[in-house]
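A.B. asks: Can you keep this structure in mind? I'll have questions shortly.
Protein chains in written order, with the working numbering: chain H, 1 to 427; chain G, 1 to 487.
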């Protein structure tokens, strides 16, 4: 050992910059995270309450795909660790579910960790990934763009700052002239010799105001002194305010059958539909209120949580949900002030005796709502031995009433599109 | 006009490379004086980003690409950015020359401490028996060659990343299902058969007349493997004829790397304790000036302090090494009465232990009841939602606490699973057995891992285990995963 020299390799910043060795692996990891979110999107939509939420909201997504599984011991194995000098049997030292108190070696044999295997995604991203999942992203974008026209914009004065397209060249030029006049007056008044004391000669940055630099004739070195460039203070931008109309309020009635026959899959499909509907309406109106009505033989207004997680048993009176919705509309969202949208999801398994009442209530809803839809959710295979409300509702003649049949996940998007197409025809 | 050296470089750190070289020289004098026996040493000075990169790749200067390292990096970086963990002062890899990284931004004292610490690891890695099977001179080259080969497979248009990943993902999940004690030679299939035949021979019994006749059990020599095989990846490589050469190569590589890391996992406590013991000794003997000395005391305590609720290998290891030194140099009367007088000088004893033990045996032999009690090591178990202290190191409990501790260090925290039969039920079902020691497998993890096994074996895979006291069979085939109760 004494014979060989220790080698010191010095730090070289250039190496450090080049040595981002993990870049490729990190990219691949992020791709996998995204894939994993896509795969789990059904669960996320089914689990989280995301419908009435802000798009910037952050959602915790459990990542099932990228845990690194290996054989490890489960919960029945205890461990040993060091105390603070005063450990007593029975003392609580940690929580199961989290990593055990014993510190595992980093390399292997780790207890399955829970915390890290979640990632935060904003709702916005989730919607994006979801539309990716539905594989028709462009259509959705178009639909969203058309909505912009609902806002009107109004010019309201001028500002010093703004985006390039709103630059008011005339006013900007005028400002410069005014400043020049003021400067000349000051210079002459003081009797100072030349323009050296004037505003610092700031050459107009080429990309600062393209098109304006042409106003500056480059008159050679002799004229340089008299050059009087534009200054940041000269810039004037048009200010535009978004004008929202009074009636841009909307209320969405989500009505769902929570009778015993609505299982998790059906609720997931319903939820996906409501989710899209809400997202759509939220882009169209400034103020969207959302009402969840759950019904079996009776209806009640519930929270989103309850709406999707409450399971009831027993039969179904669809009319009860509609009557409840009508009641809420009359109380809180009068159609003269609100745009009301109603959508009802059910597996169509209604008591026959209720059908006439349901039909009547449905007609009434269609009358006062901008759009009223009925979605029948029948996961594949179940269609043939259950009754259907689609036949019954065929009798509703209102132009803003629409029915859709959703059999599986892939149907949600086409159904949703069809639903909105109806809306466009009406306008 | 004047040389007011405003543009002379401003020294960011209070030392430069020459200082480090000088300190290294002084430390090496001590290393030689204490009789440590090291590989040649290389230090690389890096910044924290590079350090995070090295950590993500287990310290390797080159390593094949896989997304899990990207994940490791992201995790480390997140923890670091949020101040949950710092970056370590050093990283040493077991190679010859030994490579260690020094963080550029560390204070001079930290560099001195780190250098001394690194020589401790270096000596340990060179001399401990578990590292003998890894050829240190070839470490860096081997990893580099692996990286080249994996990259070639990724770039090969007939293979590509996805296929490589499919194999690597599966192989990584089974990586540590391999032999842990590499000092025990593995018998070749022929030798195993020989041994089986030999074992079946009736033993000579001088008291034949009074004993019952020995039952001769005919050994099943056609069974593959003859003896249960713990090297799962290698077994699959050798017995699944449908694997392509590149797939076999990947399995070999992953197994080789696992065996390299097994040595480190097996000696974590000893190794960290040893390096800590020596950096302490070396720095104490360097006659540091007061400022450095005070910083040394602070830093050393940060590294080697007990952390309640955890097991700090630096602390645990150091305490045992120091205790051994004390017991062999100045044993109490009571200890002499109990254990007999020491037979060799204390330092010689330390060197002997460093060579022939690994964590499990080290703790078993040298972690005494007094130490356990003094360090307040306890045993915990899950009770409902909580982990609850179940035993403390008192008169009744200490043995059990110690057993539990040993069960949870190094590779003992990985379930032992061996291949028992490659042709179970004559339909090429792979039959494995979990050697249950009171700890059940984590079922969700087992389900996913067995699916990886099936991916590599391409036929049904079953594992015999015990779940909540009942013998069970975990099965994975084309129809999915199932758990069956066994009689």
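Yeah, the Cβ is synthetic: ideal placement off N, Cα and C, and Gly gets one too.
Of all Cβ atoms in chain H, is any one closer than 8 angstroms to the Cβ of residue 12 of chain G?
C.D. replies: As a position in the second chain, residue 12 of chain G is number 12, starting the count at 1. Summary for residue 12 of chain G: the model assigns pLDDT 46, below 50, so the residue's position carries little reliability; its value from the coordinates is reported in the next sentence. For residue 12 of chain G, the answer is no, since every Cβ of chain H falls outside 8 angstroms of its Cβ.
A.B. asks: In the structure shown, what three-state DSSP assignment does residue 171 of chain H receive?
C.D. replies: Stepping through the first chain from its first residue, residue 171 of chain H is reached at position 171. In this structure, residue 171 of chain H counts as helix in the three-state DSSP scheme.
A.B. asks: Can you name the residues of chain H whose CB is closer than 7 angstroms to the CB of residue 172 of chain G?
C.D. replies: Within the second chain, the letter at position 172 stands for residue 172 of chain G. Within chain H, the residues near residue 172 of chain G are 68.
A.B. asks: With 8 angstroms as the threshold, decide whether the Cβ of residue 53 of chain G is near any Cβ in chain H.
C.D. replies: Taking the second chain and counting its residues from 1, one reaches residue 53 of chain G at position 53. Yes - at least one Cβ of chain H is within 8 angstroms of the one on residue 53 of chain G.
A.B. asks: I'd like to confirm the pairing. Which residues does DSSP put opposite residue 371 of chain H in its beta bridges?
C.D. replies: Here the question's residue 371 of chain H lines up with position 371 in the first chain. Answer is H:341, bridged to residue 371 of chain H.
A.B. asks: Give, in chain order, every residue of the segment 345 to 359 of chain H whose Cβ lies closer than 7 angstroms to some Cβ of chain G.
C.D. replies: Residues passing the 7 angstroms Cβ filter: none.
A.B. asks: When you check each C-beta in the segment 78 to 98 of chain H against every C-beta of chain G, which residues fall closer than 8 angstroms?
C.D. replies: Result list: 78, 79, 80, 81, 82, 83, 84, 85, 86, 87, 88, 89, 90, 91, 92, 93, 94, 95, 96, 97.
A.B. asks: Among residues of its own chain, excluding the 5 on either side of residue 218 of chain H, which ones have a beta-carbon nearer than 6 angstroms to its beta-carbon?
C.D. replies: Along the first chain, one-based indexing puts residue 218 of chain H at 218. Bear in mind that a pLDDT of 45 at residue 218 of chain H, under 50, signals an unreliable position, so the number given afterwards is only what the model happens to contain. None.
A.B. asks: Can you find a CB in chain G that lies within less than 8 angstroms of the CB of residue 120 of chain H?
C.D. replies: Start at 1 with the first residue of the first chain, and residue 120 of chain H comes out as number 120. No, its Cβ sits nowhere closer than 8 angstroms to a Cβ of chain G.
A.B. asks: For a contact meaning CB atoms closer than 7 angstroms, what does residue 22 of chain H contact in chain G?
C.D. replies: Within the first chain, the letter at position 22 stands for residue 22 of chain H. Neighbours of residue 22 of chain H on chain G, chain order: 53, 56, 69, 70, 73.
A.B. asks: How many Å lie between residue 433 of chain H and residue 22 of chain G at the Cα?
C.D. replies: No information on residue 433 of chain H is available, as it lies outside the stretch 1 to 427 that chain H covers here.
A.B. asks: Between which residues of its own chain and residue 382 of chain G is the CB-CB distance below 6 angstroms, once the five residues before and five after are set aside?
C.D. replies: Here the question's residue 382 of chain G lines up with position 382 in the second chain. If we look at residue 382 of chain G and ignore the five residues flanking it on each side, it has no Cβ neighbours.
A.B. asks: Does residue 408 of chain G get closer than 8 angstroms to chain H when you measure Cβ to Cβ?
C.D. replies: Within the second chain, residue 408 of chain G is the residue found at index 408, counting from 1. It does: the Cβ of residue 408 of chain G has a partner Cβ on chain H nearer than 8 angstroms.
A.B. asks: State the start and end residues of the unbroken alpha helix (DSSP H) segment that holds residue 287 of chain H.
C.D. replies: Translated into positions along the first chain, residue 287 of chain H becomes position 287. Taken as a continuous stretch (DSSP letters only), residue 287 of chain H belongs to no alpha helix (DSSP H), being part of the beta strand (DSSP E) at 287 to 295.
A.B. asks: Does any C-beta atom of chain H lie closer than 8 angstroms to the C-beta of residue 448 of chain G?
C.D. replies: Against the second chain, residue 448 of chain G aligns to sequence position 448. Residue 448 of chain G counts as touching chain H.
A.B. asks: If you measure beta-carbon to beta-carbon, which residues of the segment 177 to 210 of chain G are closer than 7 angstroms to chain H?
C.D. replies: Within the segment 177 to 210 of chain G, the residues whose Cβ lies closer than 7 angstroms to some Cβ of chain H are 177, listed in chain order.
A.B. asks: Comparing the C-beta of residue 415 of chain H with each C-beta of chain G, is any distance below 8 angstroms?
C.D. replies: Numbered from its first residue, the first chain carries residue 415 of chain H at position 415. Not one chain G Cβ lies under 8 angstroms of residue 415 of chain H.
A.B. asks: Between residue 319 of chain G and residue 375 of chain G, is the Cβ-Cβ spacing less than 8 angstroms?
C.D. replies: What you label residue 319 of chain G is simply residue 319 of the second chain in a count that begins at 1. What you label residue 375 of chain G is simply residue 375 of the second chain in a count that begins at 1. Yes.
A.B. asks: Can the beta-carbon of residue 406 of chain H be found less than 8 angstroms from the beta-carbon of residue 344 of chain H?
C.D. replies: In the first chain, residue 406 of chain H corresponds to position 406, counting from 1. In the first chain, residue 344 of chain H corresponds to position 344, counting from 1. No, these two residues do not count as a Cβ contact at 8 angstroms.
A.B. asks: Nearer than 7 angstroms: is that true of the beta carbon of residue 35 of chain G relative to any heavy atom of the ligand FMN?
C.D. replies: Looking for the ligand FMN in the displayed structure turns up nothing, as the structure carries no ligands at all.
A.B. asks: Does the beta carbon of residue 60 of chain H sit closer than 8 angstroms to a beta carbon anywhere in chain G?
C.D. replies: Taking the first residue of the first chain as 1, we reach residue 60 of chain H at position 60. Not closer than 8 angstroms to any Cβ of chain G, the Cβ of residue 60 of chain H fails to qualify, so no.
A.B. asks: Is residue 107 of chain G helix, strand or coil by DSSP?
C.D. replies: In the second chain, counting from the first residue as 1, residue 107 of chain G sits at position 107. Three-state DSSP puts residue 107 of chain G in coil, outside helix and strand.
A.B. asks: Leaving out five residues on either side along the sequence, give the residues of the same chain with a beta carbon under 8 angstroms from the beta carbon of residue 428 of chain H.
C.D. replies: Residue 428 of chain H lies beyond the residue range present for chain H, which begins at 1 and ends at 427; the question has no answer from this structure.
A.B. asks: Over what stretch of residues does the alpha helix (DSSP H) that includes residue 243 of chain G continue unbroken?
C.D. replies: Residue mapping note: residue 243 of chain G aligns to position 243 of the second chain, counting from 1. Segment: none, residue 243 of chain G is in no alpha helix (DSSP H) and carries neither H nor E.
A.B. asks: Assuming residue 401 of chain H contacts residue 358 of chain H under a Cβ cut-off of 8 angstroms, what Cβ separation, rounded to an integer in Å, is found between them?
C.D. replies: Numbered from 1 along the first chain, position 401 holds the residue referred to as residue 401 of chain H. Numbered from 1 along the first chain, position 358 holds the residue referred to as residue 358 of chain H. That pair is no contact at about 13 angstroms.
A.B. asks: Which residue's Cα is closest to the Cα of residue 162 of chain G: H:29, H:353, H:341, H:306?
C.D. replies: If you number the second chain from 1, residue 162 of chain G lands on position 162. The shortest C-alpha separation from residue 162 of chain G is found at H:29.
A.B. asks: Three Cβ pairs or more, each shorter than 8 angstroms: is that satisfied between the segment 106 to 126 of chain G and the segment 280 to 294 of chain G?
C.D. replies: Result yes; three or more Cβ-Cβ pairs closer than 8 angstroms.
A.B. asks: Should the segment 123 to 140 of chain G be called in touch with the segment 294 to 311 of chain G, which here means at least 3 C-beta pairs below 8 angstroms?
C.D. replies: No: the two stretches stay apart, fewer than three of their Cβ pairs being nearer than 8 angstroms.
A.B. asks: Looking only at C-alpha atoms, which of H:182, H:12, H:89, H:299 sits nearest to residue 397 of chain G?
C.D. replies: Mapped onto the second chain, residue 397 of chain G falls at position 397. With distances taken between Cα atoms, residue 397 of chain G lies closest to H:89.
A.B. asks: So within the segment 211 to 243 of chain G, which uninterrupted alpha helix (DSSP H) runs reach at least 4 residues, ignoring any that extend past its ends?
C.D. replies: 232 to 239, all fully within the segment 211 to 243 of chain G.
A.B. asks: Can you pull the chain G residues whose beta carbon is under 8 angstroms from the beta carbon of residue 73 of chain H, in chain order?
C.D. replies: Mapped onto the first chain, residue 73 of chain H falls at position 73. What residue 73 of chain H touches in chain G: 413, 415, 439, 440, 441, 442.
A.B. asks: Would you say residue 361 of chain H and residue 323 of chain H are within 8 angstroms of each other, going by their C-beta atoms?
C.D. replies: The residue labelled residue 361 of chain H in the question sits at position 361 within the first chain. The residue labelled residue 323 of chain H in the question sits at position 323 within the first chain. Yes, the pair counts as a contact, with Cβ atoms nearer than the cut-off.
A.B. asks: So, are the CB atoms of residue 261 of chain G and residue 58 of chain G less than 8 angstroms apart?
C.D. replies: In the second chain, counting from the first residue as 1, residue 261 of chain G sits at position 261. In the second chain, counting from the first residue as 1, residue 58 of chain G sits at position 58. Cβ distance < 8 angstroms, so residue 261 of chain G and residue 58 of chain G count as in contact.
A.B. asks: Quick one, which of G:240, G:239, G:463, G:197 has its alpha-carbon nearest residue 220 of chain G's?
C.D. replies: By one-based count along the second chain, residue 220 of chain G stands at place 220. Nearest option by C-alpha distance: G:197.
A.B. asks: Relative to the C-alpha of residue 33 of chain G, which residue among G:433, G:324, G:119, G:443 is closest?
C.D. replies: On the second chain, position 33 is the one that residue 33 of chain G refers to. Selected option, being the one with the closest Cα: G:119.
A.B. asks: Suppose contacts are defined by Cβ-Cβ distances below 8 angstroms. Is residue 474 of chain G in contact with residue 463 of chain G by that definition?
C.D. replies: Walking along the second chain from the start, residue 474 of chain G turns up at place 474. Walking along the second chain from the start, residue 463 of chain G turns up at place 463. Yes, the Cβ-Cβ distance between residue 474 of chain G and residue 463 of chain G is below 8 angstroms.
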